[in-house]
Each structure stands twice: as C-alpha cells, then as structure tokens.
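Below is one structure; the comments refer to it alone.
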Amino acid sequence: NLSDKLDRAFKVLKGQGQISEVNVAETSKEIRRALLDADVNYKIAKNFADSVKEKALGQDVLTSVSPGQLFTKITHDELASLMGGESTDINLKGSPAVILIAGLQGSGKTTFSGKLSNYLKKKKGKNPMLVAADVYRPAAIDQLHVLGEQINIEVYSDKENKNPVEIAKAGITHAKSKGFDVVIIDTAGRLAVDEQMMNEIAAVKQAINPSEILFVVDSMTGQDAVNTAKAFNDRLDFDGVVLTKLDGDTRGGAALSIRSVVDKPIKFVGTGEKMEALDVFYPKRMADRILGMGDVVSLVERAQEQYDEEKARKLHKKIAKNQFDFNDFLDQIAQIKKMGNMKDLMGMIPGVGKAIKNMDIDDDAFKHIEAMIHSMTPQEREQPKLIDGSRRKRIAAGSGTSVQELNKLLKQFDETSKMMRLMGNKQNMAKMMRNMP
Ligand code: GDP
Ligand code: MG
Numbered sequence: 004n005l006s007d008k009l010d011r012a013f014k015v016l017k018g019q020g021q022i023s024e025v026n027v028a029e030t031s032k033e034i035r036r037a038l039l040d041a042d043v044n045y046k047i048a049k050n051f052a053d054s055v056k057e058k059a060l061g062q063d064v065l066t067s068v069s070p071g072q073l074f075t076k077i078t079h080d081e082l083a084s085l086m087g088g089e090s091t092d093i094n095l096k097g098s099p100a101v102i103l104i105a106g107l108q109g110s111g112k113t114t115f116s117g118k119l120s121n122y123l124k125k126k127k128g129k130n131p132m133l134v135a136a137d138v139y140r141p142a143a144i145d146q147l148h149v150l151g152e153q154i155n156i157e158v159y160s161d162k163e164n165k166n167p168v169e170i171a172k173a174g175i176t177h178a179k180s181k182g183f184d185v186v187i188i189d190t191a192g193r194l195a196v197d198e199q200m201m202n203e204i205a206a207v208k209q210a211i212n213p214s215e216i217l218f219v220v221d222s223m224t225g226q227d228a229v230n231t232a233k234a235f236n237d238r239l240d241f242d243g244v245v246l247t248k249l250d251g252d253t254r255g256g257a258a259l260s261i262r263s264v265v266d267k268p269i270k271f272v273g274t275g276e277k278m279e280a281l282d283v284f285y286p287k288r289m290a291d292r293i294l295g296m297g298d299v300v301s302l303v304e305r306a307q308e309q310y311d312e313e314k315a316r317k318l319h320k321k322i323a324k325n326q327f328d329f330n331d332f333l334d335q336i337a338q339i340k341k342m343g344n345m346k347d348l349m350g351m352i353p354g355v356g357k358a359i360k361n362m363d364i365d366d367d368a369f370k371h372i373e374a375m376i377h378s379m380t381p382q383e384r385e386q387p388k389l390i391d392g393s394r395r396k397r398i399a400a401g402s403g404t405s406v407q408e409l410n411k412l413l414k415q416f417d418e419t420s421k422m423m424r425l426m427g428n429k430q431n432m433a434k435m436m437r438n439m440p
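Residue numbering for the sequence shown is 4 to 440, as defined by the UniProt record's numbering.
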C-alpha cells in the first residue's frame with residue numbers, strides 16, 4: 004500500500020549522511036511513483052513530490068535525525084496540508100438541522116447515516132432522527148430500521164410513497180413535531196453517476212434546503228472516487244466528504260486527491276461496518292496513518308528546535324573567538340532566508356542599518372553568494388584570506404559568476420565579520436534575529 008511504498012521511497016535516503024540534490028531528486032521521484040500507484044491524480048502527485056523536494060532542499064542538515072526522517076516529516080506536513088490542514092466540523096445550524104446524505108449505491112450512505120446519528124447522540128448530546136428516502140429498494144428502508152433499532156434512534160419512512168422529495172419534507176415535519184433537533188436524510192444511489200439520480204437528489208436539496216450535504220464515497224474505488232466526487236459536487240455543491248471503508252486494504256489515493264479536486268473538506272471516515280466505526284477526519288492523523296510514523300514526526304520537530312539553539316550557541320562562540328568563516332556565513336544566509344528579508348531585519352538593529360545600506364541583498368544575490376561559497380574548498384571557507392587572484396578566478400568560473408562579484412562577496416564577508424565583532428559577545432546576529440517579530 005501507500006505507506007509501504009513511501010517507506011521504500013524514504014529508504015533511498017537511508018544511510019546517507021545528508022540531504023543532497025541527488026538523493027532528494029531520487030526520493031521525490033519515488034514519492035511521486037508511490038502516489039501514482041496509490042491512484043493519486045497525476046497532477047497532484049507531481050505537485051506534491053515537487054513541493055516535498057523543494058522543502059527538503061531548503062532544509063538544513065540536522066545532526067540528530069537522518070535525512071530519511073527529515074523527509075518523512077516534510078512529507079507528513081505536506082500530506083496533512085494536501086488533505087486540508089485542520090479538521091472541519093459538521094454544521095448543525097437550524098432547528099432541526101437537516102443533513103442530506105448523497106453518494107453512489109453501495110458507497111455506505113445508509114451505514115454512515117446510522118453511524119452519524121449514533122455519533123451525534125452519544126458525542127454531541129443531540130437528539131437525531133433518521134429519514135429513509137431511498138424509495139427504490141424496500142430492503143434499504145428495512146436496513147435503516149434495523150440500524151435505528153440497534154442504536155435506539157427513531158427512523159421515519161413511508162413505503163407507500165415513491166417520491167423522495169415528499170418523504171424528506173414529511174420526515175422533517177415529523178421531526179419538528181416530535182422535537183428532534185437533527186434530521187439525517189438517507190437517499191438512494193445508483194451504481195454509477197446518472198442524470199436521473201442527480202436530478203432527484205438536486206430536487207431534494209432544492210425542496211428542503213439542508214444545513215449540510217455530505218457526500219459519501221467508498222475509498223476503495225480509487226480514481227473513480229475522485230470523478231464521482233467531482234460529478235456530485237458540480238451538481239450539489241456539497242459541504243463535506245465522508246470516506247468509507249478505510250478499514251480495508253484501501254489505497255489512500257482517494258483521500259489525497261478528493262480534497263484538491265473538489266476543494267471540500269473530508270469530515271468523517273468510516274472504518275468498519277459497526278455503528279461505532281466512525282472517526283472525525285483529522286488531516287494530521289491521517290498523514291500519521293499513511294506514513295505510519297507518528298514518532299518520527301515529533302522527533303524531527305524536537306531536533307529542529309535543538310538544532311537552532313545549538314547553532315546559535317556555536318556561532319556565538321566562534322564570533323567571540325573571531326573565527327567566523329564562510330561556513331557560518333552560509334548558515335546565516337540559510338537562517339535569514341527562513342526568516343525573510345535580511346535587509347529589513349538587519350536594518351532594525353541599531354547601528355547596523357547604515358553599515359549594510361550598500362550591501363546588495365536580495366534572494367537572487369543569495370543564490371549567487373551560495374554558489375560562490377559552494378565553489379570554495381573547505382579550507383578556503385574557513386580561511387578566506389587564502390583566496391588569492393588565481394583562486395578567485397577558479398571560484399568565479401566554478402560558480403558561474405564573475406571575479407568582480409566574488410570580490411564584492413569577499414568584501415561583504417569582511418564587513419560582516421567586522422560588524423559581528425562589533426556587536427560583540429552578547430548580541431550575536433542569529434540570536435537577535437530570532438528574537439525579532
Ligand atoms: P449505500 O448503498 O450507500 O447505502 O451503502 P450501505 O450503507 O448499504 O453499505 C454498503 C456495504 O458497505 C454494506 O455491506 C456495509 O456494511 C459496508 N460498509 C459501509 N461502510 C463501511 C466501512 O466503513 N467499512 C466497511 N468495511 N464496510 C462498510
Ligand atoms: Mg442505502
């Protein structure tokens with residue numbers, strides 16, 4: 004399944020000391036393949052893999068976690084955000100609140116209707132009632148009655164009436180007269196999207212103006228689930244999605260794609276046939292589940308915090324000893340890029356604004372600066388004084404820049420280290436910047 008495949012993708016990174024362009028590109032390709040295999044729509048899979056790649060490349064190499072773990076964390080966060088970020092509550096406005104359940108036959112509408120009423124009664128202190136508006140199959144009406152008895156919820160039905168609009172209306176009237184505060188209307192589906200079904204459910208919507216329309220979809224139907232969701236949404240403009248049968252050997256693709264395609268939140272997931280097998284949908288938990296690695300995520304979060312502190316401490320020491328070098332410079336650039344515009348930030352430091360006025364600092368400049376530093380040897384980075392005329396030519400050529408540009412960088416570096424010495428022990432740049440709003 005998807006978890007295993009992503010796992011395999013992360014294994015590419017296992018044993019590798021650090022994140023590099025090569026292993027990131029490889030892993031990102033694996034992630035894309037895993038998502039495609041899991042029935043995620045091509046465009047979404049591609050965007051997703053690209054965005055993980057970009058985020059991974061922008062990360063510093065943490066000493067206490069492996070690149071694989073860091074990648075997992077990034078993928079986790081991306082997955083969660085792809086699925087909507089936060090959980091979205093069901094809307095229970097109205098007296099009674101009316102919830103219309105739509106979806107294909109066999110998707111799990113009747114089962115979900117029972118589960119939802121049970122959930123609202125037990126967890127939300129509501130007094131819900133069910134309406135059996137599936138007029139085509141008498142067995143479906145009986146099915147809802149059986150469930151209702153099981154969970155002690157009243158079910159309204161009328162086997163003589165073949166008009167779902169009338170049944171829905173009568174059900175709501177009945178609920179009002181008996182003081183129910185939520186009405187859940189279970190409707191008929193078809194095996195595939197068809198015009199008659201859409202007309203029928205649209206007519207019910209029109210007639211009763213529900214507080215909430217929930218679209219129920221079988222997560223095992225893969226890419227079809229996404230197309231079905233789109234068809235129902237185009238016609239009904241529903242409020243939320245219910246993903247059923249997530250307990251089976253489900254390919255997680257549907258959950259990932261639906262949100263992006265219809266831009267509606269997934270609100271519940273069904274995880275079994277029993278009335279209790281219903282979960283509120285939490286994107287973060289779902290991402291945990293897909294990755295099966297909840298621990299790794301928090302581990303990486305902790306390591307990241309420590310990393311910043313440890314770096315600041317080391318830098319502090321180096322400045323004190325007057326050992327600030329190009330590696331630190333590179334780190335500072337990374338930190339600054341994380342925080343935003345350097346010039347604005349630096350300008351807020353008393354006495355610094357003037358010193359950097361002539362420094363050319365923007366994102367493009369960063370790119371060149373980074374390229375130049377990357378073209379230096381480790382020794383040159385630690386002892387910039389070594390960089391003489393011939394070395395300058397080599398570095399400029401290696402980084403695709405010019406000697407003038409490199410000269411400027413060396414000058415900037417010189418000014419920066421001077422400035423840092425001026426700022427002294429107590430106020431190192433990283434610390435000050437971290438404390439800024
Ligand atoms: P409807 O035609 O949309 O009303 O679908 P039903 O509610 O009758 O469900 C169809 C079948 O799927 C039934 O056998 C249900 O027991 C089963 N089902 C529904 N939801 C789930 C679920 O979350 N997990 C599993 N494993 N089965 C489910
Ligand atoms: Mg049904």
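Idealized CB from N, CA, C, for every residue including glycine. Given the structure is predicted, the values throughout are model-derived calculations rather than measurements.
Three-state secondary structure assigned by DSSP to residue i
i, result
"residue 348", "Only weak support exists for where residue 348 lies, its pLDDT of 49 falling under 50; the coordinates are left without a value."
"residue 176", "helix"
"residue 269", "strand"
"residue 205", "helix"
"residue 192", "coil"
"residue 261", "helix"
"residue 45", "helix"
"residue 331", "helix"
"residue 410", "helix"
"residue 238", "helix"
"residue 50", "helix"
"residue 226", "helix"
"residue 374", "helix"
"residue 91", "coil"
"residue 250", "coil"
"residue 355", "With a pLDDT of 45 at residue 355, under the threshold of 50, the modelled position of that residue is not reliable, and no figure is offered here."
"residue 197", "coil"
"residue 31", "helix"
"residue 84", "helix"
Closest Cα partner of residue i within the set the options
i, options, result
"residue 164", "58, 140, 155, 147", "140"
"residue 187", "207, 393, 194, 380", "207"
"residue 26", "47, 179, 59", "59"
"residue 182", "123, 129, 277", "129"
"residue 132", "162, 99, 142", "99"
"residue 286", "91, 105, 225", "91"
"residue 372", "162, 330, 229", "330"
"residue 405", "416, 271, 392", "392"
"residue 315", "334, 324, 328, 220", "334"
"residue 413", "388, 401, 402", "388"
"residue 262", "403, 233, 397", "233"
"residue 115", "146, 168, 230", "146"
"residue 321", "380, 259, 421, 277", "421"
"residue 214", "231, 409, 101", "101"
Residue i Cβ short of 8 Å to the ligand MG heavy atom set
i, result
"residue 78", "no"
"residue 221", "no"
"residue 143", "yes"
"residue 92", "no"
"residue 153", "no"
"residue 247", "no"
"residue 243", "no"
"residue 171", "no"
"residue 112", "yes"
"residue 234", "no"
"residue 88", "no"
"residue 137", "yes"
Identified DSSP bridge partners for residue i
i, result
"residue 132", "186"
"residue 1", "What is shown of the chain runs 4 to 440, which leaves residue 1 out entirely."
"residue 245", "219, 271"
"residue 1", "Nothing about residue 1 can be read from this structure; the chain reaches only from 4 to 440."
Boundaries (first-last residue) of the alpha helix (DSSP H) holding residue i
i, result
"residue 61", "Element bounds for residue 61: n/a, residue is neither H nor E."
"residue 104", "Taken as a continuous stretch (DSSP letters only), residue 104 belongs to no alpha helix (DSSP H), being part of the beta strand (DSSP E) at 100-106."
"residue 281", "Careful: residue 281 lies outside any alpha helix (DSSP H), inside the beta strand (DSSP E) at 281-283."
"residue 397", "392-402"
"residue 117", "112-127"
"residue 150", "141-154"
"residue 382", "381-385"
Proximity test, residue i beta-carbon vs the ligand GDP heavy atom, cut-off 8 Å
i, result
"residue 203", "no"
"residue 178", "no"
"residue 218", "no"
"residue 115", "yes"
"residue 209", "no"
"residue 224", "no"
"residue 273", "yes"
"residue 259", "no"
"residue 279", "no"
Min CB distance residue i to chain B below 9 Å
i, result
"residue 336", "Here there is only one protein chain, and chain B is not present."
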